[in-house]
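Counted the way mature numbering (1 follows the signal peptide of the UniProt record, and there is no 0) counts, the sequence shown spans residues -26 to -1, 1 to 179. Note sheet for the following structure.
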Amino acid sequence: MTDTIRCGRLISATAFVMLALLSACSTPPDRIILLPDPEGKVGAVVVRSANAEQTIDKAYAGVDVASNGSMEKTMDSRADVQTRYSELLAARPPRPMTFTLFFLFDSATELAPESPATVEKMKAVLAHWPAPQVVVTGHTDLAGSQEFNDKLSMRRAQSAAAFLVKEGIPVQQIETAGRGKREPLVPTADGIPNRMNRRVVITIQ
């Protein structure tokens, strides 16, 4: 993916596969550095000022933007970035994490046998996550009517949200939604039950 940054005196940008770093000082030049995601992948970012434009698409490539809008490309190593911006990197919020819990047929409260292990992993993450914002989305398989599945998916989301509240997450930090059978994980014909589609997806950010 490609993102665009228009340069003023303060610059920052984020994308699914990149993070832009801002120099810690208020004097020119501003510096944008493209970081890889945890899997080592990078996207691309277009940096624009009033009179110049540069695209960076390699890990640790950067652009220095002067106060007059002129630009100069830079190239750092991972070690240099880690050393120079260690405090800034440490202050980044955690990357969003997603956990999927599977449910038994027609149930909003009974988890499938493989899900308790996922619950334990999620609890361990939440124990060290600063001020988590959580999105809980319920889903169903394609058996049953749209109306029935809309209600079932929301009950599943609410059940998961209630568990999170018991784990200490303030209710105002939890958003719930039910998607019914609109977004199956495994596409099937309408009316066909599938265990992988009976799920709740919990995103922590």
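Cβ coordinates follow ideal geometry from the N, Cα and C atoms, glycine included.
From the options, residue whose alpha carbon lies closest to that of residue i
i    : options               : result
K140 : A101, E13, E157       : A101
A135 : M49, A40, T83         : T83
G142 : P106, M128, P167, L62 : P106
Q147 : L126, K125, W103      : W103
P3   : E61, V55, E46         : E46
W28  : P68, S41, T48, P167   : For clarity, residue 28 is Gln in the given sequence; the question names Trp instead. The shortest Cα separation from Q28 among P68, S41, T48, P167 belongs to T48.
Those residues which DSSP pairs with residue i across a bridge
i           : result
T83         : Paired residues: none, contrary to the question.
residue 191 : Nothing about residue 191 can be reported from this structure: the residues present for the chain run from -26 to 179 only.
D50         : Looking at the DSSP assignment, D50 forms no beta bridge with any residue, so it has no partner.
Contact set for residue i: own chain, Cβ-Cβ below 7 Å, skip 5 residues either direction
i    : result
P70  : T177, I178, Q179
R165 : Here residue 165 is Gly; the residue named in the question, Arg, does not match the sequence. If we look at G165 and ignore the five residues flanking it on each side, its Cβ neighbours are L116, A117.
Contact belief for residue i with residue j at Cβ below 8 Å, rounded distance in angstroms
i   : j    : result
T74 : R173 : 5 Å
V16 : A33  : 5 Å
Cβ neighbour criterion (16 or more within 10 Å) applied to residue i
i     : result
S(-4) : With a pLDDT of 43 at S(-4), under the threshold of 50, the modelled position of this residue cannot be trusted, and the question is left open.
L63   : exposed
V21   : buried
S89   : buried
Residues near residue i by beta carbon distance below 6 Å, same chain, minus five either side
i   : result
V93 : none
A24 : G43
Nonlocal neighbours in the same chain, by C-beta distance under 8 Å from residue i, ignoring five residues either side
i    : result
N171 : H113, T114, D115, L116, K155, P158, L159, V160, T162
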